[in-house]
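In the working numbering, the protein residues as written are 309 to 604.
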């Protein structure tokens, strides 16, 4: 397998540029085992798909901790605080994607409700549902996933002709396996959750456009009152409040990573009124947009 990612000291925040062993490559893979799995609570700028291939341990978020074991497959998104507090012979494959744009190359696949569930909804429900809705592979399902990851590791190690294209093909194969496995594992029992996951994906893709609760309800095939109640009961947030929070999070990301004018960032994130944007931003983050940019 590939090199082991071993933080040498407690790290609060990982950046892609500091980790990438292959300049210009937006996909990485690490096999982390034993004591190397243990780290202080941290966040990172990239997407991490973790597969526990052996042993067991305790996965921690900023507010909860959960046992993990062989077969557990889950997403750790940008800004998600996490660590493993202890381990027993644990080995974890970490598939790292530089940012959301790596997945956007596989947009048709991402529109599958099962993948929307994996990438969008389950991470948001994790603390609320105590990690009870995550994916756990069976012994029969494990070999297909580890085989694809092993091939990705070989491509990263050899860096042969057009290896990045091969990595994207293998990522697509991984996503198809993930889609099939989610459908098989959750099936009809999670149908409403899949519908809600699709709504979250729609929100993510249309943050710059007007979004109403009525529009989301129509897409979900529910009346507005039923959709509102189901959305709030499941996520803990009213639909439009959720949209605003997501817009503000996107704006904060752009403030930190670009030099775009604040008014333009507000517009790109769905705020036509810059004053209202600044007011909501300050209320959520206790900083003005300008202060957030200066602190990056």
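Cβ atoms here follow ideal geometry from the backbone N, Cα and C, with glycine treated the same way.
Keep in mind that this is a model prediction, so the values were computed, not measured.
Counted within 10 angstroms of its Cβ, other Cβ atoms place residue i as buried (16 or more) or exposed
i	result
residue 506	buried
residue 341	buried
residue 541	exposed
residue 551	buried
residue 415	exposed
residue 516	exposed
residue 394	exposed
residue 428	buried
residue 574	buried
residue 371	exposed
residue 352	buried
residue 420	buried
residue 325	exposed
Minimum C-alpha distance to residue i - residue among the options
i	options	result
residue 460	471, 571, 363	471
residue 486	393, 357, 573	357
residue 535	518, 519, 562, 504	504
residue 402	338, 528, 464	338
residue 361	344, 489, 447	447
residue 601	383, 533, 582, 569	569
residue 519	545, 572, 456, 579	579
residue 328	398, 464, 417	464
residue 438	374, 563, 545	374
residue 366	343, 385, 387	343
residue 424	563, 488, 346	488
Secondary structure of residue i, DSSP reduced to three states
i	result
residue 369	strand
residue 407	coil
residue 481	helix
residue 267	A query on residue 267 cannot be resolved here, the shown segment of the chain reaching from 309 to 604 and no further.
residue 420	coil
residue 351	strand
residue 588	helix
residue 398	strand
Cα-Cα separation between residue i and residue j, rounded to whole angstroms
i	j	result
residue 433	residue 454	26 Å
residue 355	residue 479	13 Å
residue 413	residue 391	29 Å
residue 582	residue 590	12 Å
residue 475	residue 553	34 Å
residue 462	residue 456	10 Å
residue 531	residue 545	18 Å
_Sufficient close CB pairs (3 or more, under 8 Å) joining the segment 552-561 to the segment 509-520_ = yes
*At a cut of 8 Å, does the segment 333-348 reach the segment 471-483 through at least three beta carbon pairs?*
yes
*Between the segment 581-590 and the segment 518-526, are three or more C-beta pairs nearer than 8 Å?*
no
*asked:* Quick check: the segment 443-463 against the segment 376-385, are at least 3 beta-carbon pairs closer than 8 Å?
replied: yes
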